[in-house]
Structure formats: C-alpha cells, structure tokens
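Take a look at the structure below.
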Amino acid sequence: MDFCMRKFQFCYRKWVFSEVFNVERGGAPGCPLSPLLYVLFSESLSRLLERDSRLVPFVVPGGAKVKCAQYADDVQCCFESGLLSRLSQDLSIFERATGAKLNPEKTKGLRLGSWRYRDLPFGASWSDQNIKINGIWFGYDAPCDVTWNERAEVFETGSKPLAPAGFRSWESHRINRFVSPILWYPGAVYPIPRRVLVRLERAIFSFIWSGGTELVRGR
Numbered sequence: 001m002d003f004c005m006r007k008f009q010f011c012y013r014k015w016v017f018s019e020v021f022n023v024e025r026g027g028a029p030g031c032p033l034s035p036l037l038y039v040l041f042s043e044s045l046s047r048l049l050e051r052d053s054r055l056v057p058f059v060v061p062g063g064a065k066v067k068c069a070q071y072a073d074d075v076q077c078c079f080e081s082g083l084l085s086r087l088s089q090d091l092s093i094f095e096r097a098t099g100a101k102l103n104p105e106k107t108k109g110l111r112l113g114s115w116r117y118r119d120l121p122f123g124a125s126w127s128d129q130n131i132k133i134n135g136i137w138f139g140y141d142a143p144c145d146v147t148w149n150e151r152a153e154v155f156e157t158g159s160k161p162l163a164p165a166g167f168r169s170w171e172s173h174r175i176n177r178f179v180s181p182i183l184w185y186p187g188a189v190y191p192i193p194r195r196v197l198v199r200l201e202r203a204i205f206s207f208i209w210s211g212g213t214e215l216v217r218g219r
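Structure (structure tokens):
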C-alpha cells in the first residue's frame, strides 16, 4: 500500500520526475484521459479476482470460464453463492487500496437455482426474475423477448426523426450504420424472435420509403 501511494505522488514528464505532491482530486469532467485512467483503475480489480484461486469461475455455454466481465464503468462477477464471502474480502482489499466504495444502491444480483428467494450479502438488490447487464436482460422471465422488444422500440422511436422524404441509393448505408449497433449487440446473446424480425423489417421499410411510392411491387 505504501509503495502504491509513493508511486502516485509524483508525475513523469519529459523523462524528469517532479516533486512529490498529494493527489487531492480526480480529472476534470470531459477530460479525454478519464476513460484511459479508469481502465487502469478497473484493471486492478479484474486482476485481483483472476489471481484469486479460491474464486471458482462460472462456466458459460461454450465452455468459457468467467470470473469477471467489465464494460465501461460496469463490472459483472459470476460465482457460486458459497464464494460470496471470498468475493467480499477481495472487494474490501480493492476498496482499501483505491479508496473506491461499493455502492449497494447500484449493485444488482440475480439469484439462480436453489438460491432463489434467499437473503444474500452486500445489501444489493437481488432479483429472482430478470436483471439488465449492459443493456441485455438475463433471468427467468423471458429475457430474450424483453431484450428484443426494447431494441425494436429503440429503433422505431429513433428512426422517425431520421426518416427521409423518399428512397435514395445511399439510404441502405444509413440503415446499416443506424440499425447495426442496435441489432448486432443483442444478437450476439439471443437469436431474434420471428415476430420481432417482422416488426423490424416493417420499421426499416417505413424508414426507407417514408410514405413514398414503392418502386418495386410483388405480384
């Protein structure tokens, strides 16, 4: 701990070390260095969990073993319930080393198997149905349908202000650039239900033609 504090009490500039100074505040809002600094910060947590041999990883479909997944400022931990006390110890180490604190109000968990409807630690919001992780719903209550219905609503709502006056040759590029981020991300987790696919096809058709005359008609 003392070594870490000493390391962060001077800056390195043009190959010359500065005088020692105390770190009293974070970066300014909007600073381009903020995401990079946060990556360095969050990497210490993921490495701490990965190196803890007592934390048995969760095996997901396909055989991959997952302990910790991070995206932006979100962290997901996957463990058996009997290891929650060990996870709590690792989080305490991380808190003491960094000054960060676990916010119970923003901490959510999904109870699986025989641990549904039981009280679990951390003061988190535990669910026995669904929770959303990085925009994707997981759980027991038709998470695939819930996720894709949300994606369809996002596309239908967001495409209306962008609808063109008529068909243009480059409009397919706009469709690809606008629709792809909405569909590819959840598509890597859940297949698109047929009824949602039809709904999206109609929305895309309306987006392209926007009340114009259809130039190609089926017989």
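First residue of the sequence shown: 1, per UniProt numbering; consecutive thereafter. Even glycine gets a Cβ: it sits at the ideal position worked out from N, Cα and C.
**OP:** Would you be able to state if there are at least three C-beta pairs under 8 Å between the segment 48–57 and the segment 32–40?
**Re:** The segment 32–40, when compared against the segment 48–57, does not touch it at the 8 Å Cβ threshold.
**OP:** Below 8 Å on the Cβ atoms is my guess for TRP126 versus GLY109; work out the distance and round it to an integer in Å.
**Re:** For the purposes of this step, residue 126 is taken as the residue at position 126 of the sequence shown. For the purposes of this step, residue 109 is taken as the residue at position 109 of the sequence shown. 5 Å between Cβ atoms; contact.
**OP:** Under the assumption that ASP145 contacts PRO193 (Cβ atoms under 8 Å), give the Cβ distance between them as a whole number of angstroms.
**Re:** For the purposes of this step, residue 145 is taken as the residue at position 145 of the sequence shown. For the purposes of this step, residue 193 is taken as the residue at position 193 of the sequence shown. Right, the Cβ-Cβ distance comes to about 6 Å (below 8 Å), so this counts as a contact.
Subject >> Own chain partners of VAL189 with C-beta closer than 8 Å, once the 5 adjacent residues on each side are dropped >> reply: Start at 1 with the first residue of the sequence shown, and residue 189 comes out as number 189. Taking VAL189 as the centre and dropping the five residues before and after it, the same chain places the C-beta of ILE136, THR147 closer than 8 Å to its C-beta, in chain order.
Original post:
Under 7 Å, do GLN70 and SER42 count as touching if we go by C-beta distance?
Top reply: Counting from one through the sequence shown, the residue named residue 70 turns up at place 70. Counting from one through the sequence shown, the residue named residue 42 turns up at place 42. Their beta carbons are under 7 Å apart, which means GLN70 touches SER42 by this criterion.
**OP:** Indicate whether PHE94 and LEU55 have their beta-carbon atoms separated by less than 7 Å.
**Re:** Here the question's residue 94 lines up with position 94 in the sequence shown. Here the question's residue 55 lines up with position 55 in the sequence shown. Taking 7 Å as the cut-off, the beta carbon of PHE94 is found no closer than this to the beta carbon of LEU55.
Original post:
What are the start and end residues of each continuous alpha helix (DSSP H) run of 4 or more residues lying completely inside the segment 40–115, in chain order?
Top reply: Complete alpha helix (DSSP H) runs here, min 4: 84–98.
**OP:** Identify whether ILE136 lies in helix, strand or coil by the three-state DSSP scheme.
**Re:** Taking the first residue of the sequence shown as 1, we reach residue 136 at position 136. In the structure shown, ILE136 adopts extended strand secondary structure according to DSSP, grouped into three states.
Subject >> ILE175 (DSSP reduced to helix, strand or coil) >> reply: Here residue 175 refers to the residue found at position 175 of the sequence shown. In the structure shown, ILE175 sits in a helix (DSSP, three-state: H, G or I).
**OP:** Just tell me which of ILE208, ASN149, GLU150, ARG202 has its CA closest to the CA of ILE175.
**Re:** In the sequence shown, the residue the question calls residue 175 occupies position 175. Among ILE208, ASN149, GLU150, ARG202, the Cα nearest to that of ILE175 is on ILE208.
Original post:
Does the Cβ-Cβ distance between ALA152 and VAL196 come in under 7 Å?
Top reply: Position 152 of the sequence shown, counting from 1, holds the residue named residue 152. Position 196 of the sequence shown, counting from 1, holds the residue named residue 196. In terms of Cβ geometry, ALA152 and VAL196 form a close pair [threshold 7 Å].
Subject >> Beta-carbon proximity of SER46 to CYS77, cut-off 7 Å >> reply: Counting from 1 along the sequence shown, the entry for residue 46 is found at position 46. Counting from 1 along the sequence shown, the entry for residue 77 is found at position 77. Not a contact, by the Cβ cut-off of 7 Å.
Subject >> Per-residue DSSP class, three states only, for ALA163 >> reply: In the sequence shown, the residue the question calls residue 163 occupies position 163. With a pLDDT of 49 at ALA163, under the threshold of 50, the modelled position of that residue is not reliable, and the figure given next carries that caveat. ALA163 carries a coil assignment under DSSP once its states are collapsed to helix, strand and coil.
Subject >> ARG118 versus ILE204: straight-line alpha-carbon distance, rounded >> reply: Within the sequence shown, the letter at position 118 stands for residue 118. Within the sequence shown, the letter at position 204 stands for residue 204. Between ARG118 and ILE204, the C-alpha separation is close to 45 Å.
**OP:** Please classify LEU87: is it buried, with 16 or more other beta-carbons within 10 angstroms of its beta-carbon, or exposed?
**Re:** Counting from 1 along the sequence shown, the entry for residue 87 is found at position 87. Within 10 angstroms of the beta-carbon of LEU87 lie 16 or more other beta-carbons, which makes it buried.
Original post:
Ordered along the chain, which non-local residues of its own chain (more than five positions away) have a Cβ less than 8 Å from that of LYS106?
Top reply: Position 106 of the sequence shown, counted from the start, is the residue given in the question as residue 106. Closer than 8 Å at Cβ, skipping near neighbours: no residue.
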